[in-house]
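Data block below; observations after.
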Amino acid sequence: MDGTNSLRNGPDEHGRFGIYGGRFVAETLMPLILDLEHEYRAAKADPAYAAQLKDLAVHYTGRPSPLYFAERLTQHLGGAKVWLKREELNHTGSHKINNCLGQILLAKRMGKTRVIAETGAGQHGVATATVCAKFDLPCTIFMGATDVERQMPNVLRMKMLGAEVRPVTAGAGTLKDAMNEALRDWVTNVESTYYLIGTAAGPHPYPEMVRDFQSVIGTELKEQFREAEGRLPDAVVACVGGGSNAIGTFHAFLDDPDVAIYGAEAGGHGIEVENGHAASMTGGRPGVLHGNRTYLLQDADGQILEGHSISAGLDYPGVGPEHSYLHDTKRVTYVPITDNEALEAFQLLTRMEGIIPALESAHGLAQVIKLAPTMDKDQSVVLCLSGRGDKDVESVGKYLGLLK
Amino acid sequence: MTTRIDARFAQCKAENRPALVTYVMSGDPDLATSQAILNALPQAGADVIELGLPFSDPMADGLVIQQGAQRALAAGQTLLGVLGMVEEFRRKDDTTPIVMMGYYNPIYSFGVERFIAAAKQAGVDGLIVVDLPAEEDDELCIPALAAGLNFIRLTTPTTDDRRLPTVLKNTSGFVYYVSMTGITGAAIKSRAAVGEAVQRIKSHTDLPVAVGFGIKTAEDAQEIGKHSDGVVVGTVLVDAVARSLADGKATDKTVAAVRDIVADLAAGVRRARG
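In the order they appear, the protein sequences are chains A and B.
Counting in my numbering, the first sequence tops out at residue 404, every number present.
Counting in my numbering, the second sequence tops out at residue 678, every number present.
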């Protein structure tokens with residue numbers, strides 16, 4: 001559907017989704033961002049590019065990812081049927097690889113000789129280090145020092161894959177600070193370096209590009225669900241940090257008004273705790289950071305707050321601009337999920353289905369746990385299980401007192 | 405309309421020397437000391453003042469200026485506080501131009517229209533907003549120009565001849581040439597390349613061209629000033645503030661530390677065409 005009333009037409013030629021998005025970057029980066037957009041348009045129109053991406057998706061990533069009916073969880077919750085879109089089974093263990101493969105091919109087309117990326121939970125860092133190993137490009141990953149501590153297994157994976165991991169000590173040492181450092185590196189090495197942004201945020205064309213690469217999630221899901229149930233699901237749910245797995249899941253359903261869409265934000269210690277959460281849409285207001293206008297956690301004077309989440313991947317004071325637009329238009333309902341709710345969901349899925357979810361995805365699952373019992377038994381809700389929780393077992397073990 | 409910025413560059417041109425543009429972070433290390441530094445700049449030899457609006461996430465700045473911003477925010481600096489400093493400065497100095505330099509979010513948060521009115525009222529002459537490229541001119545640049553504020557744009561080594569007209573279109577006051585691809589506080593690799601770049605920009609505009617990023621000494625100011633209408637110095641001054649502190653607090657050396665470096669740089673620009 002491509003009608004004028006479609007919610008799927010964004011962004012406009014200025015990179016805007018309504019008032020959100022844009023290109024708020026230093027002049028040094030502006031020519032490069034225009035080049036990138038040009039190259040992306042050319043790649044999109046090139047059947048050889050699409051064919052290569054498709055081949056990698058099948059043989060390298062392992063797509064399509066399964067759509068799984070979670071029978072015991074469904075019985076336990078006693079309402080709608082619960083389905084999981086198994087992005088955690090992708091190579092590298094999350095949806096992040098979908099985007100990295102698309103962008104590494106672009107970097108190659110542009111003749112770039114070095115790749116940089118920011119990472120929070122380390123899933124994007126691992127996926128970037130993976131594609132850089134495969135395509136023989138040196139890469140540097142910026143990661144907040146706090147996150148280096150709480151996601152050590154991923155740090156080791158990145159190093160083994162040949163990446164240089166640079167811990168960032170500025171600020172709270174989380175994703176926001178890693179992104180600042182990555183931008184500084186990019187401004188300095190703009191001629192040689194490709195910045196492989198991990199989420200559907202940043203200056204245009206990144207939000208559009210990353211969404212396009214992740215949209216395979218929702219497109220497959222729609223088709224798989226139709227095969228299984230012969231119709232559309234009643235609700236789809238995903239966690240939202242920057243929001244790349246969420247927009248990838250949601251985009252195929254935006255023009256299907258009968259499908260309810262929920263995004264789970266990081267509610268941390270609770271939305272009422274000042275600077276104690278990372279729910280930028282529930283608890284923030286529009287502002288400009290990292291190249292785009294979007295909902296941000298900020299103080300009265302426009303200074304950016306650090307935020308907090310148990311999940312390193314959601315611990316970011318902003319969100320992708322398309323989500324801000326979908327929030328304002330009310331097409332998607334964004335809800336905060338606390339650290340404790342996510343921890344409970346993490347344990348429930350592990351025990352009920354034998355699937356250890358990433359703490360990020362556990363936020364989405366917590367929303368499903370609230371939602372499913374309120375729905376009829378013949379209805380269905382699908383969660384994008386965006387990542388696996390192997391990286392989190394140590395930190396969850398500490399929270400649960402299993403480790404000391 | 406001739407602004408304070410236009411008048412000051414014309415005056416320097418008449419004196420056959422480049423202008424010395426000095427950047428200090430407002431509120432660093434505390435509000436009173438920062439005011440004293442600002443007030444001392446003209447007499448020390450600053451021709452144009454860039455006053456930093458502190459931001460929590462200064463993506464285009466190096467560690468020195470970032471830490472200056474953190475000190476200022478910790479000292480309680482706000483957007484209104486910056487404007488208050490300008491107002492106070494204007495009580496005694498009605499000719500030295502002041503350019504507010506920073507990032508967009510604090511201005512956007514304050515409200516663009518309200519900000520422009522307040523900045524005019526306080527005696528601000530121009531704006532440099534690092535994360536507003538020409539593509540986002542509708543946000544602040546156009547309304548600021550309409551209100552009579554100068555909007556000074558950064559051009560960089562990546563701004564090629566094809567792009568320069570776009571960048572210069574709504575630029576006024578002066579053009580700020582960033583001497584390198586990098587963040588504030590890094591080092592210039594080739595002075596000759598900077599001179600060529602300034603000539604390239606001047607072939608597109610009649611505006612004065614000032615060069616910044618990487619100018620640290622009087623000798624740098626003298627050499628870079630040979631081929632430009634102005635030199636911008638920032639990191640060295642913020643660093644001087646940092647070095648003068650004891651236990652993070654201002655000392656009796658703080659204002660003098662900045663004043664002495666500015667005086668030295670002012671001597672440098674006066675030798676540039678000698």
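Quick reminder that beta carbons are idealized off the backbone N, C-alpha and C, glycines included.
Short check: CB of residue i to CB of residue j, under 8 Å?
i, j, result
"T585 (chain B)", "T28 (chain A)", "yes"
"V216 (chain A)", "I197 (chain A)", "no"
"V425 (chain B)", "G577 (chain B)", "no"
"H277 (chain A)", "G313 (chain A)", "no"
"T437 (chain B)", "V602 (chain B)", "no"
"N292 (chain A)", "P207 (chain A)", "yes"
"V288 (chain A)", "N509 (chain B)", "yes"
"Q415 (chain B)", "A646 (chain B)", "no"
"A372 (chain A)", "V381 (chain A)", "yes"
"V528 (chain B)", "V579 (chain B)", "no"
"A127 (chain A)", "K96 (chain A)", "yes"
"A238 (chain A)", "V335 (chain A)", "no"
"V503 (chain B)", "L531 (chain B)", "yes"
"E37 (chain A)", "P205 (chain A)", "yes"
"L385 (chain A)", "E181 (chain A)", "no"
If you drop the 5 nearest sequence neighbours on each side, which residues of the same chain put their C-beta closer than 6 Å to that of residue i?
i, result
"T113 (chain A)", "S192"
"D185 (chain A)", "I116"
"D2 (chain A)", "In this predicted model, D2 (chain A) has a pLDDT of only 49, less than 50, meaning its place in the structure is not dependable; the value taken from the coordinates is given anyway. Cβ neighbours of D2 (chain A) beyond the five flanking positions: none."
"L326 (chain A)", "V332"
"V662 (chain B)", "I441, L641 and A644"
"V428 (chain B)", "I441 and L641"
"P321 (chain A)", "F17, Y20, G21, P207, N292 and T294"
Can you check DSSP and say which residues form a bridge with residue i?
i, result
"K630 (chain B)", "None; K630 (chain B) has no bridge partner."
"K85 (chain A)", "A:L67 and A:C384"
"A266 (chain A)", "A:A278 and A:I337"
"Q298 (chain A)", "A:I304"
"S94 (chain A)", "A:G387"
"Y195 (chain A)", "A:I116"
Can you say whether residue i is buried or exposed, counting buried as having 16 or more other CB atoms within 10 angstroms of its CB?
i, result
"T374 (chain A)", "exposed"
"R63 (chain A)", "buried"
"N154 (chain A)", "buried"
"R16 (chain A)", "buried"
"E274 (chain A)", "exposed"
"T406 (chain B)", "exposed"
"L483 (chain B)", "buried"
"E341 (chain A)", "buried"
"M463 (chain B)", "buried"
"H124 (chain A)", "buried"
"G283 (chain A)", "buried"
"A48 (chain A)", "exposed"
"T74 (chain A)", "buried"
"M30 (chain A)", "buried"
"K398 (chain A)", "exposed"
On a CA-only basis, which of the options is nearest residue i? Give me that one, please.
i, options, result
"G270 (chain A)", "A:S309, A:S244 and A:L305", "A:S309"
"R408 (chain B)", "B:T500, B:I619 and B:P510", "B:T500"
"A597 (chain B)", "B:I628, B:G589, B:L611 and B:Y427", "B:I628"
"G248 (chain A)", "A:G267, A:P257 and A:D212", "A:D212"
"K524 (chain B)", "B:K496, B:N554 and B:D542", "B:N554"
"D147 (chain A)", "A:K370, A:A201, A:C132 and A:Y316", "A:Y316"
"E229 (chain A)", "A:Q379, A:D46, A:S6 and A:H124", "A:Q379"
"A42 (chain A)", "A:T140, A:G401 and A:A107", "A:A107"
"F69 (chain A)", "A:E353, A:D136, A:M143 and A:Q367", "A:E353"
"L572 (chain B)", "B:C545, B:L487, B:V516 and B:T621", "B:C545"
"G218 (chain A)", "A:D136, A:T350 and A:L254", "A:L254"
"A260 (chain A)", "A:H290, A:G243 and A:D234", "A:D234"
"S513 (chain B)", "A:T282, A:E13 and A:P286", "A:P286"
"K370 (chain A)", "A:C384, A:D136 and A:Y262", "A:Y262"
"G93 (chain A)", "A:F250, A:A121, A:V319 and A:M281", "A:A121"
May I ask you to check if the CB of residue i is nearer than 7 Å to at least one heavy atom of the ligand GTP?
i, result
"G302 (chain A)", "As far as ligands go, the structure on display features none, and thus does not contain the ligand GTP."
For residue i, which residues from the same chain have a beta carbon less than 8 Å from its beta carbon, with the 5 sequence-adjacent residues on both sides left out?
i, result
"F346 (chain A)", "I356, P357, L359, A362, L365, G389, D392 and V396"
"S430 (chain B)", "S438, L442, L455, G456, L457, P458, A476, Q481, G485, V486 and M489"
"L101 (chain A)", "L53, L56, A57, Y60, T61, V131 and F213"
Using a Cβ-Cβ cutoff of less than 7 Å, which residues in the same chain neighbour residue i once the five nearest sequence positions on both sides are dropped?
i, result
"T639 (chain B)", "G466, V468, I469, T588 and G589"
"D497 (chain B)", "P446"
"E492 (chain B)", "Q439"
"L32 (chain A)", "V190"
Between residue i and chain E, is any beta-carbon pair separated by less than 8 Å?
i, result
"M463 (chain B)", "Protein chains A and B are contained in the structure displayed, whereas chain E is not."
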